[in-house]
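> So that we are looking at the same thing, I have put the structure below in structure tokens.
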Amino acid sequence: GKTRTPLMAGNWKMNLNHQEAIVLVQKLAVTLSDKRHDYGRVEVVVLPPFTDLRSVQTLVDGDRLQLKYGAQDVSLHDSGAYTGEISAAMLAKLGCAYVVVGHSERREYHAETDEVVNGKAHQAHKADMTPIVCVGEGLSVRQAGEHVPHCLAQVDGSLAGFSAEQVADLVIAYEPVWAIGTGEVATPEDAQEVCAAIRERIREVHGDAAADGVRVLYGGSVKAANVAGIMAQPDVDGCLVGGASLQADEFGGICRFY
Ligand code: PEP
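For the sequence shown, UniProt numbering begins at 2 and goes up steadily by one.
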């Protein structure tokens, strides 16, 4: 069996203002407090827009609920003349435990390269937050049968400069771009193939402790109705959830996948 703590992370993307955010997190708090379920087995994280973080952190006690907060992106830079950017130190101060880096939407719409993603992962790590490093292939790469080498190259580039000890505590999310927001969920076998290949690569480069510690998530159209088959795969340690994380009951259903 798997010894890694399952992680369910809800990526709200650019949805919900700070007042709507409080409503959703309070509903989620009610869901996660339901003693009929053993939510304590799962680490639950929500990733609101930057403008919502202060509100949810102040009004909903994540510590009591074992609910953690994170951000969807972070600046490459420490501080200074970078208009519009948000630093890792600012996010850590707001109680963020996680930061998503290299989401496919950032790679696509903001031309983020593996080098940029790697720099952001280091910024998060330096501020004592865990980067959730996203990788994944588009449809044409999948159709060409190149998805495994494509994702492994992204892993290599995005994790450059991390030690084996550091990699053991990181989170990698495999998100096939063709499955994000499309309703087109990868099969459990598709998810397992790439998540297992990622873990094997970590084993080759960083050794057993890193490979056995690193958590590899699947993301792409995960719902309460399809999560069980995905989580049954030996190398899938959790899910990065977009659309379905905007409803407390649906996200709660995902968090009690077992
Ligand atoms: C995501 O954006 O990380 C994602 C997986 O989105 P969705 O669940 O909506 O496909």
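Glycine is no exception: its CB is placed at the ideal position from the N, C-alpha and C atoms.
List in chain order: all unbroken beta strand (DSSP E) runs of 3+ residues lying wholly within the stretch 38-97.
Qualifying beta strand (DSSP E) stretches, in chain order: 44-48 and 68-72.
> Verify whether the separation of the beta carbon atoms of A245 and I231 is less than 9 Å.
Result no, Cβ atoms of A245 and I231 do not sit closer than 9 Å.
> Rounded to whole angstroms, what is the Cα-Cα separation between C97 and H126?
If you take the alpha carbons of C97 and H126, they lie about 12 Å apart.
> Identify whether G239 lies in helix, strand or coil by the three-state DSSP scheme.
Note: G239 maps to strand in three-state DSSP.
> Among G220, L218, D39 and I203, which one has its Cα closest to the Cα of A212?
Checked all of G220, L218, D39 and I203; the closest Cα to A212 is I203.
> Just to confirm the assignment, what range does the beta strand (DSSP E) spanning R5 have?
Taken as a continuous stretch (DSSP letters only), R5 belongs to no beta strand (DSSP E), as it is neither H nor E.
> Could you tell me which residues DSSP puts in a beta bridge with I173?
In the DSSP output, where bridge partners are listed per residue, I173 has V134 and V217.
> In whole angstroms, what is the alpha-carbon distance linking W13 and Y70?
Distance between the alpha carbons of W13 and Y70: 12 Å.
> Beta carbon of C196: closer than 8 Å to some heavy atom of ligand 1?
Incorrect: C196 has no Cβ contact closer than 8 Å to ligand 1.
> Can you name, in chain order, every residue of its own chain whose Cβ lies under 7 Å from the Cβ of Y259, other than the five neighbours on each side?
Cβ within range, chain order: R42.
> Whose CA, out of A249, G243 and D238, lies closest to the CA of T6?
Closest by alpha carbon: D238.
> Please find out if some non-hydrogen atom of ligand 1 comes closer than 8 Å to the beta-carbon of C135.
Yes, Cβ of C135 sits closer than 8 Å to a heavy atom of ligand 1.
> Count the other CB atoms within 10 Å of the CB of residue 260; is the residue buried (16 or more) or exposed (fewer)?
Nothing about residue 260 can be reported from this structure: the residues present for the chain run from 2 to 259 only.
> Rounded to whole angstroms, what is the Cα-Cα separation between S34 and K28?
Each residue's alpha carbon lies about 10 Å from the other.
> Could you say which of K3, C196, S88 and Q73 lies nearest to G11 if we only look at CA atoms?
If we check each option's Cα against that of G11, Q73 comes out closest.
> Any heavy atom of ligand 1 closer than 8 Å to the beta-carbon of S88?
No, Cβ of S88 sits at least 8 Å from all heavy atoms of ligand 1.
> Between which two residues does the alpha helix (DSSP H) carrying L247 extend?
Per DSSP, L247 belongs to no alpha helix (DSSP H) and is neither H nor E.
> Using the rule of at least 16 other Cβ atoms within 10 Å of the residue's Cβ for burial, across every protein chain shown, is Q124 buried or exposed?
Label assigned to Q124: buried.
> In this structure, what does DSSP give as the bridge partners for Y11?
At residue 11 the sequence reads Gly, which differs from the Tyr that was named. G11 pairs with V47 and V242.
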